[in-house]
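Shown next, in C-alpha cells, is the structure this report addresses.
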Amino acid sequence: MNPGFQHLATGMFQIGLAKLDADPEWHDDRPDLEGPFRLSFPRAQGWGEELLVASLLKRHADASKAVVQVIASEQVCSILKHDPAFLPKLRESDKEGRSPLAILRHALMGKLLDERFVPLASPGATPPSTIDRRPSVGIAWASVSSSGLISDKFVPVERFLPLLTCLDADLISLQRKLSVADPNGLARSRGVRIIEDEVLEASTPAAVEALVELLTGQ
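Below you can see the structure in the form of C-alpha cells.
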C-alpha cells in the first residue's frame with residue numbers, strides 16, 4: 072500500500088495526497104474532474120474502492136450536470152451502466168485514463184463533499200419499504216491477504232465495537248470469520264456464546280446473533 076494512505080488515515084491530507092502524487096501510477100496534476108477516470112486504486116484493485124470513487128464522482132456529475140467517462144471492472148461497469156451520470160468502459164489495462172487522485176483531492180481538500188449526495192442508480196431498484204423495522208448496520212472488519220490481516224487496513228475489534236454499542240440497529244454483516252475479526256477472543260472473554268468458528272461466516276444467522284449479543288450485552 073502507498074504510504075500516502077497512512078497519512079490520509081491520520082488526517083494529514085496534504086502530505087498524504089503529495090505522496091500519492093509522487094507515485095507515477097497515481098500522479099495527476101490536472102485541477103479538473105473531467106474524465107476519463109480509472110476508478111480502481113493502483114496496485115490495490117477492488118470494486119469496493121471503485122464504488123467509493125464513483126460515489127464521490129457522482130456528486131460532481133450531479134452538481135455540474137456532466138456525464139463522466141469512467142474505466143472500471145466488470146462488476147462496477149454492470150452497475151454504472153444504469154446510471155446516466157456515467158459512461159462506463161471495461162478496464163483493459165492499468166494505464167488507461169486518469170487515476171482517482173484528483174477525485175480524492177477534491178473530496179479531501181476541496182468542496183466536493185459540500186455537493187449534494189446522490190445515490191448511484193442501480194438495476195432493479197425498488198421503492199423504499201413501508202414496513203416499520205429497525206435499521207440495519209453492515210460491517211467490514213478488515214482487509215485480508217493470503218498471509219492474514221493487512222495491518223494498515225484493520226481496526227482492532229476492541230476499538231471497533233464501542234463505536235457501535237450506542238446504535239439502535241441490527242448487525243447484519245460481519246464480512247470476515249470471527250477468527251479474523253476477533254483473533255484475541257474478545258467475544259468469548261465477555262462470555263458471549265460463540266458457535267464453532269468454521270460455520271461462523273458473515274452471512275449466517277448464527278454469526279449475526281452472536282455478534283449482536285456482543286454489541287448489546289444481551
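First residue of the sequence shown? That's 72 in this note's numbering, and the numbers climb one at a time after it. Cβ coordinates follow ideal geometry from the N, Cα and C atoms, glycine included. In this text, all values refer to a predicted model and were calculated from it rather than measured experimentally.
Minimum C-alpha distance to residue i - residue among the options
{"i": "Gly38", "options": "Arg176, Gly106, Pro107, Gln146", "result": "Any property of residue 38 remains undetermined from this structure, which presents the chain solely from 72 to 289."}
{"i": "Gly168", "options": "Leu179, Ser111, Leu175", "result": "Ser111"}
{"i": "Trp97", "options": "Gly75, Glu163, His177, Glu186", "result": "Gly75"}
{"i": "Asp94", "options": "Pro113, Gly181, Leu183", "result": "Pro113"}
{"i": "Ile142", "options": "Lys136, Glu120, Leu88, Thr81", "result": "Glu120"}
{"i": "Leu79", "options": "Met180, Ser260, Pro254, Ala156", "result": "Met180"}
{"i": "Cys148", "options": "Phe84, Ala89, Arg162", "result": "Arg162"}
{"i": "Ala132", "options": "Ser164, Thr81, Leu104, Ala115", "result": "Leu104"}
{"i": "Lys294", "options": "Lys90, Asp99, Ser260, Leu88", "result": "Residue 294 is absent from the structure shown; the chain starts at 72 and stops at 289."}
{"i": "Lys90", "options": "Ser164, Asn73, Ala115", "result": "Asn73"}
Nearest-angstrom beta carbon gap, residue j and residue i [assumed within contact, 8 Å]
{"i": "Leu128", "j": "Ile174", "result": "6 Å"}
{"i": "Leu158", "j": "Val138", "result": "6 Å"}
{"i": "Gln77", "j": "Gly106", "result": "Not quite, the Cβ-Cβ distance comes to about 28 Å (not below 8 Å), so this is no contact."}
{"i": "Asp92", "j": "Leu183", "result": "Actually they do not touch by this definition, with Cβ atoms about 17 Å apart."}
{"i": "Arg109", "j": "Ser170", "result": "6 Å"}
{"i": "Ala134", "j": "Arg187", "result": "7 Å"}
Reduced DSSP secondary structure (H/G/I, E/B, other) of residue i
{"i": "Phe188", "result": "coil"}
{"i": "Phe112", "result": "coil"}
{"i": "Gly75", "result": "helix"}
{"i": "Gly87", "result": "helix"}
{"i": "Asp92", "result": "helix"}
{"i": "Ile243", "result": "Here Ile243 scores only 45 on pLDDT, less than 50, and its place in the model should not be relied on; the value that follows carries that caveat. Here Ile243 sits in strand by DSSP."}
Cβ neighbours of residue i in the same chain (closer than 6 Å, five flanking residues each side left out)
{"i": "Gly288", "result": "With a pLDDT of only 48 at Gly288, under 50, the local geometry of the prediction cannot be trusted, and the value read off the model is given with reservation. Excluding positions up to five away in sequence, the list is empty."}
{"i": "Asp154", "result": "Leu191, Ala192"}
{"i": "Asn255", "result": "none"}
{"i": "Val124", "result": "Leu110, Pro171, Ile174"}
{"i": "Ile86", "result": "His78"}
Close beta carbons around residue i, own chain, < 8 Å, minus the five adjacent residues each side
{"i": "Ala178", "result": "Leu127, Leu184"}
{"i": "Arg101", "result": "Arg169, Ala173"}
{"i": "Glu152", "result": "A quick correction: the sequence has Lys, not Glu, at residue 152. Here the set comprises Pro159."}
{"i": "Ser164", "result": "none"}
{"i": "Leu88", "result": "Gly75, Leu79, Leu172, Leu175, Arg176, Leu179, Met180"}
Neighbourhood of residue i by C-beta, 7 Å cutoff - its chain only, sequence neighbours within 5 removed
{"i": "Phe84", "result": "Leu179, Met180"}
{"i": "Ala156", "result": "Lys129, Ala132, Asp133, Val138, Val139"}
Beta strand (DSSP E) runs wholly inside the segment 116-186, at least 3 long, in chain order: Correct list: 139-143, 157-161.
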